[in-house]
Amino acid sequence: MVSGTVKALRSMSAGDLRRKLLQRVRHPRLIAGDLRRIYVNLRADGVRLYAAYHRMRNSHGRVYSIKRRNCRMWLPISWGDTVALRRFGLFEPLIFDTLSQLVHPGFIAVELGSCYGAFTIHLSRLVGPTGRVYAFEPFPKYFAITKRNIQLNGLSNVRLVNQAVGPASVQQVEFDAEATNPYSSLHQISGLDYSMRTGTFESTARPAVTIPCVSLLDFLQREQCMMDLLFMDIEGCEIAVLKDIRSLLAGQKRPVVFFELHRGFYRAGDQEWLEGFFANCGYSTESVGNHLLCVPLDMPVPQSAAGLRME
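Here the sequence shown stands for residues 174 to 484, numbered as in our numbering.
Given below as structure tokens:
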């Protein structure tokens, strides 16, 4: 397979090379663009070579020091570019910074969709020893990674829960035991179509792992606690969860809700439904990157957090 760097160089030298050189003499900014293109491809090729080297050594993953986040994380080598982004603290910095402004010591934070635990670790540091993080991750492979990373960082204020969260009508979810992602199972909660994801429905005959599904309202009642923050990255299942907790969001003690939008999975009208839903519950909504920040109208938003918003 030809590397991205080689492809970029071939593309740059293809055609009328003399004309291209003259253009760069007249417009030096084009040279800067060429150099950046080469740099980006070299970095990507380096990550791929690094991953290939560890696969040859039969290494599934390793512990990385994430200096910008002051933590350590075990990550799968096969994740390629995402490993590099997390190592250098370049993974969703806007979301990390927004959480830093929203979350305070003593908060009760509920995280749905921990994946590998990067935001779990961050939330744990923000709420401090007097706070609590309830982190849900139903997909077995992601749960194992998050559990390992929580232990690596010695987080005693995190309760990691290997359960799905959804409407009260869903009691359990079956995950493909051999899948590398959870998309083939999420329709059981959301009712959405995930077939556009490559390899989502490869086989129906593979072994399955059954994971309990809990209503968030029921869970909070059992724990006898109220949450200050609901943070979600659950690939479109957020709509089903929000419908289930409408009474909580329209009540007296209302949490801040911050979640990733998954427009690629939404049905027609889902985006408009979200906006109307939060307006009816008395929330203001703002886009922060690819996330939606929802704050009760009677709660001031820190100016530093407001400054991070992006449409």
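Where is the CB? At the ideal position from N, CA and C, for every residue including glycine.
Nothing here was measured: the structure is a model prediction, and the numbers come from that model.
When DSSP reads this structure, Gln345 sits in a beta bridge with Pro385. Cβ neighbours of Tyr315 within its own chain (closer than 8 Å, five residues either side excluded): Ser287, Cys288, Tyr289 and Pro355. Using a 10 angstroms sphere on the CB of Asp391, the tally of other CB atoms stays under 16, which defines it as exposed. Residue burial annotation: Asn322 is buried, with at least 16 other C-beta atoms found within 10 angstroms of its C-beta. In the three-state reduction of the DSSP assignment, Phe431 falls in the strand class. Counting C-beta pairs with one atom in each stretch, the region 292 to 300 and the region 450 to 458 have fewer than three that are closer than 8 Å, which means they do not touch.
When the beta-carbon positions are compared, Cys398 and Ile362 stay at least 7 Å from each other.
By the neighbour-count criterion, in which 16 or more other beta carbons inside 10 Å mark a residue as buried, Val338 falls on the buried side.
For Thr458, the enclosing beta strand (DSSP E) has its first and last residue at Tyr456 to Val461. Straight-line measurement puts the Cα of Ala205 at about 36 Å from the Cα of Leu466. Take Glu347, set aside five residues on each side of it, and the residues of its chain with a beta-carbon closer than 8 Å to its own are Ser358, Gln361, Ala381, Val382, Thr383 and Ile384, in chain order. Taking 8 Å as the upper bound for CB-CB distance, Leu333 and Ala308 are in contact here, some 5 Å apart.
Three or more beta-carbon pairs drawn from the region 399 to 407 and the region 416 to 431 are found closer than 8 Å, and the two stretches are therefore classed as touching. Sixteen is the threshold: when 16 or more other Cβ atoms of the shown chains lie within 10 Å of the Cβ of Arg242, as they do, the residue is buried.
Looking only at Arg305, Tyr439, Glu284 and Leu285, the smallest Cα-Cα distance to Pro278 is reached by Arg305.
In terms of Cβ geometry, Gln345 and Val387 do not form a close pair [threshold 7 Å]. Cβ neighbours of Asp417 within its own chain (closer than 8 Å, five residues either side excluded): Gly339, Pro340, Ala341, Ser388, Leu389 and Leu390. For Leu447, no beta strand (DSSP E) run applies; the uninterrupted alpha helix (DSSP H) run containing it begins and ends at Asp443 to Asn453, by DSSP.
Every beta strand (DSSP E) stretch that sits fully inside the region 237 to 320 and reaches 3 residues is listed by chain position as 244 to 249, 281 to 285 and 305 to 309.
DSSP places Arg332 in the uninterrupted beta strand (DSSP E) bounded by Val331 to Val334. For Gln196, same chain residues with a beta-carbon under 7 Å away, outside a window of 5 residues either side, are Leu203 in chain order.
In the displayed model, Arg440 falls within coil according to three-state DSSP, outside both helix and strand.
Contact between Val414 and Leu275 is ruled out by a C-beta separation of about 19 Å, above the 8 Å threshold.
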